[in-house]
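Q:
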Amino acid sequence: MNTPSRTDLVRLNAMNDDDIDYSDIPPLDDSFFDRARIRLPKQPAKTYIPIDQDVLRWFDTHSDQPSVEAINHILRKHIGIK
């Protein structure tokens, strides 16, 4: 961050739970948690395979792209996927 925080961290650290104003937050009762569902974003599956150091070094020195991208590009060409 370029701008220093104006948060009074000393005052916040000195607060206890009784000092917090929850008046604008509705209480969460059992019915809320009965209906609640955890939703996580779907992430692409990643598989990790060991690659020999000499192969990785070759890609590092012979490719303009990061090694992983270069390896994926070559594998896609080899199996006919664009």
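So the sequence shown is numbered by this note's numbering: it starts at 301 and just counts up by one. Beta carbons are placed, not taken as given, at the ideal position from N, Cα and C, and that holds for glycine. Every value quoted in this text rests on a predicted model; they were computed, and no experiment measured them.
What do you reckon, are the CB atoms on S363 and L356 nearer than 8 Å?
A: Position 63 of the sequence shown, counting from 1, holds the residue named residue 363. Position 56 of the sequence shown, counting from 1, holds the residue named residue 356. Not a contact, by the Cβ cut-off of 8 Å.
Q: If we ignore side chains and look at the alpha-carbon of each, how far apart do S305 and H378 end up?
A: Counting from one through the sequence shown, the residue named residue 305 turns up at place 5. Counting from one through the sequence shown, the residue named residue 378 turns up at place 78. Those two C-alpha atoms are separated by around 52 Å.
Q: Suppose you measure from the CA of H373 to the CA of Q365; what does that come to, to the nearest Å?
A: Your numbering for residue 373 matches position 73 in the sequence shown. Your numbering for residue 365 matches position 65 in the sequence shown. For H373 and Q365, the distance between alpha carbons rounds to 10 Å.
Q: Could you give the DSSP three-state label for L356: helix, strand or coil?
A: Looking up residue 356 in the sequence shown gives position 56. In this structure, L356 counts as helix in the three-state DSSP scheme.
Q: Considering Cα atoms alone, identify which of P341, I371, F332 is closest to Y348.
A: In the sequence shown, counting from the first residue as 1, residue 348 sits at position 48. Cα-wise, what sits closest to Y348 is I371.
Q: Taking the C-alpha atoms as reference points, what is the distance between D330 and R339?
A: Translated into positions along the sequence shown, residue 330 becomes position 30. Translated into positions along the sequence shown, residue 339 becomes position 39. Looking at the two C-alpha atoms, the distance is approximately 19 Å.
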